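Quick note, the sequences are listed as chains A and B, same order. Per my numbering, residue 648 is the first one in the first sequence, and the count goes up by one each step. Per my numbering, residue 648 is the first one in the second sequence, and the count goes up by one each step. All residues carry an ideal CB built from backbone N, CA and C; glycine is no exception. Just so it is clear, the structure is predicted and the values come from calculations on it, not from any experiment. As structure tokens, the structure follows; a few thoughts come after it.
2 protein chains.
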Amino acid sequence: MSYSKTKIAIVDDHALLRHGIQSLLQGLDDIEVIATASSGEEAVTLLTTHSPDIFLMDIMMKGMSGIETTRWIKEQSPTTRVILISSEVNKEYIAAGIKAGINGYLPKDSSREALVDSIHTVMKGERYFSPEVTALVFQDFYLKEKDGKGLPRQKTKVLSKREEEVLAHIASGKSLKETADELFISVKTVETHKQHIQDKLGLKNTALLVKYAIDNKLI
Amino acid sequence: MSYSKTKIAIVDDHALLRHGIQSLLQGLDDIEVIATASSGEEAVTLLTTHSPDIFLMDIMMKGMSGIETTRWIKEQSPTTRVILISSEVNKEYIAAGIKAGINGYLPKDSSREALVDSIHTVMKGERYFSPEVTALVFQDFYLKEKDGKGLPRQKTKVLSKREEEVLAHIASGKSLKETADELFISVKTVETHKQHIQDKLGLKNTALLVKYAIDNKLI
DNA sequence: GAAAGCATCAGGAATTCCCTGATGTTTTCC
DNA sequence: GGAAAACATCAGGGAATTCCTGATGCTTTC
Numbered sequence: 648m649s650y651s652k653t654k655i656a657i658v659d660d661h662a663l664l665r666h667g668i669q670s671l672l673q674g675l676d677d678i679e680v681i682a683t684a685s686s687g688e689e690a691v692t693l694l695t696t697h698s699p700d701i702f703l704m705d706i707m708m709k710g711m712s713g714i715e716t717t718r719w720i721k722e723q724s725p726t727t728r729v730i731l732i733s734s735e736v737n738k739e740y741i742a743a744g745i746k747a748g749i750n751g752y753l754p755k756d757s758s759r760e761a762l763v764d765s766i767h768t769v770m771k772g773e774r775y776f777s778p779e780v781t782a783l784v785f786q787d788f789y790l791k792e793k794d795g796k797g798l799p800r801q802k803t804k805v806l807s808k809r810e811e812e813v814l815a816h817i818a819s820g821k822s823l824k825e826t827a828d829e830l831f832i833s834v835k836t837v838e839t840h841k842q843h844i845q846d847k848l849g850l851k852n853t854a855l856l857v858k859y860a861i862d863n864k865l866i
Numbered sequence: 648m649s650y651s652k653t654k655i656a657i658v659d660d661h662a663l664l665r666h667g668i669q670s671l672l673q674g675l676d677d678i679e680v681i682a683t684a685s686s687g688e689e690a691v692t693l694l695t696t697h698s699p700d701i702f703l704m705d706i707m708m709k710g711m712s713g714i715e716t717t718r719w720i721k722e723q724s725p726t727t728r729v730i731l732i733s734s735e736v737n738k739e740y741i742a743a744g745i746k747a748g749i750n751g752y753l754p755k756d757s758s759r760e761a762l763v764d765s766i767h768t769v770m771k772g773e774r775y776f777s778p779e780v781t782a783l784v785f786q787d788f789y790l791k792e793k794d795g796k797g798l799p800r801q802k803t804k805v806l807s808k809r810e811e812e813v814l815a816h817i818a819s820g821k822s823l824k825e826t827a828d829e830l831f832i833s834v835k836t837v838e839t840h841k842q843h844i845q846d847k848l849g850l851k852n853t854a855l856l857v858k859y860a861i862d863n864k865l866i
């Protein structure tokens with residue numbers, strides 16, 4: 648029987664991880680890495696030039712994030728599968744990912760077996776989530792149902808485009824004034840954005856904000 | 648001629664990267680990955696149980712950092728080689744690494760060739776630094792020599808004990824008030840310390856101060 | 001034993017922080 | 001398709017911090 652291998656594209660801004668995953672997938676008879684990209688922007692191009700079956704993509708990337716890129720991909724080609732790779736199992740990322748239409752979510756500390764499993768699973772049209780992710784989602788589901796609509800719903804924790812810009816400026820050491828000038832808005836608006844960011848992420852002050860930005864590779 | 652392969656241990660808290668590097672090193676006739684560890688603590692154990700020739704170790708790890716672990720390893724066994732892997736080419740990391748006695752420094756976006764090259768180089772007893780790292784270090788050297796003794800000497804960049812305490816507090820997100828209370832001094836004194844720190848290190852504001860603290864693993 | 005650094009504190013003006021509140025637009029959801 | 005939520009923009013005002021200068025006593029260093 649003649650069939651073609653599953654075509655994989657790997658997207659990550661770290662070459663070593665990119666090549667590492669590629670190596671892990673070598674020698675398998677039904678999987679083939681046909682392309683790699685170092686950014687979301689490149690990935691979008693890859694979609695038309697190589698039409699992979701599955702994108703294995705880091706969620707945290709400079710420039711377009713994995714989530715944004717997924718939205719792009721799904722808009723252009725809803726049947727293309729996307730598996731996001733993340734270094735942390737984070738409720739908000741998972742939620743944003745599901746909303747963007749991902750087919751799988753894989754922690755970075757997964758085994759080769761889990762990686763291959765995830766590819767096989769999403770190729771069958773199913774979704775793949777690691778046990779940790781599943782546990783987290785189910786626990787969250789349980790908690791939400793338990794206290795129902797009585798308690799105030801948790802606010803969104805996904806930053807808007809503008810908020811991310813402001814965050815990047817401030818965390819890079821720009822003052823509010825400098826940030827305002829560079830973004831052509833008033834200082835007051837920058838203040839508000841900064842406040843919203845801190846509220847959304849639960850960060851008490853600038854120091855913690857910078858720490859967050861660094862931890863999440865936003866600068 | 649009978650000779651043994653170079654024994655490599657890989658240390659990284661991300662399994663995917665760990666296995667990725669391992670895959671990249673497979674099939675080489677003079678290199679063998681004999682062990683992997685997911686933390687600095689494990690690496691120290693590995694040293695006695697497996698006595699590898701070279702540690703390939705991520706600089707950024709939860710718990711013991713790559714630098715700290717290197718110090719440990721070099722104390723126990725000075726002939727064991729250590730190559731640090733970092734996602735960014737950072738002056739302070741490199742300096743701290745050299746001080747700790749690393750044999751090589753490899754950016755995460757290196758090619759497979761560079762990886763293998765680094766292993767061969769350090770096994771010859773030489774140090775391996777990527778072109779970017781070399782460029783950075785030489786530029787720094789040049790700048791230091793250029794302005795000699797004619798210009799006002801750069802102020803000391805060594806923080807006092809107290810200043811480091813204050814820095815750690817502030818960079819961890821403590822307010823001036825909180826810091827003052829915990830150190831049993833007035834807010835004004837904390838302000839002064841903070842100012843001195845910024846002056847010494849040439850940091851314009853809190854954001855840059857936090858970045859410095861994180862870059863230098865002071866928190 | 002003078003000079004430099006260290007640790008402590010103060011005054012005061014500029015800036016930032018943090019809260020509330022507002023308006024118009026866009027997105028999302030049922 | 002219309003209500004609700006999120007987004008982007010701005011303002012007022014009190015509190016906190018930043019960023020200068022300057023001061024005092026104590027320790028370290030050459």
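Leaving aside the five residues that flank H816/B on each side, the residues in its chain whose CB is nearer than 6 Å to its CB run, in chain order, T826. Per DSSP, E679/B is one residue of the beta strand (DSSP E) stretching across 678-684. Collapsing the DSSP output to three states places G713/A in a helix. Classified as exposed, V805/A has fewer than 16 neighbouring CB atoms from the shown chains inside 10 Å of its CB.
Membership of M707/B in any beta strand (DSSP E) is not indicated, and neither H nor E is assigned to it by DSSP. Taking 9 Å as the CB threshold, G667/A lines the interface with chain B.
What D756/A touches in chain B, judged by beta-carbon distance under 8 Å, is D660, H661, A662, L663, S685, going in chain order.
Counting only Cβ-Cβ distances below 7 Å, I861/B has contacts in chain A at K858, I861, in chain order. Only exposed fits T726/A, as fewer than 16 other CB atoms lie within 10 angstroms of its CB. With a threshold of 9 Å between beta carbons, K821/A makes contact with chain B. Nearest neighbour of S734/A by Cα position, chosen from S757/A, I657/A, L671/A, turns out to be S757/A. S765/A counts as buried, since at least 16 other C-beta atoms from the protein chains shown sit within 10 angstroms of its C-beta.
Counting other Cβ atoms within 10 Å of its Cβ, D705/B reaches 16 or more and is therefore classed as buried. DSSP places T653/B inside the beta strand (DSSP E), whose first and last residues are 653-658. Contact residues of the region 833-852 of chain B toward chain A are L850, K851, N852 (C-beta to C-beta distance below 9 Å). Across the set V813/A, G748/A, S712/A, the C-alpha of V813/A shows the shortest separation from the C-alpha of H840/A. Among the residues of chain A, none has a CB under 7 Å from the CB of R718/B; the nearest is roughly 24 Å distant. In the assembly as shown, K824/A is an exposed residue. Its beta-carbon has fewer than 16 other beta-carbons within 10 Å.
Partner residues in the beta bridge of Y752/B, as assigned by DSSP, are L731/B, F776/B. The continuous alpha helix (DSSP H) containing D846/A extends over residues 834-848. Rounded to the nearest whole angstrom, the CA to CA distance from E679/B to D700/B is 10 Å.
Taking 8 Å as the upper bound for CB-CB distance, K858/A and I861/B are in contact here, some 6 Å apart. DSSP places V813/A in the uninterrupted alpha helix (DSSP H) bounded by 808-818. Straight across, the Cα-Cα distance linking D828/A with I714/A is about 29 Å.
Excluding its 5 nearest sequence neighbours in each direction, N863/A has C-beta neighbours in its own chain below 7 Å: M707, listed in chain order.
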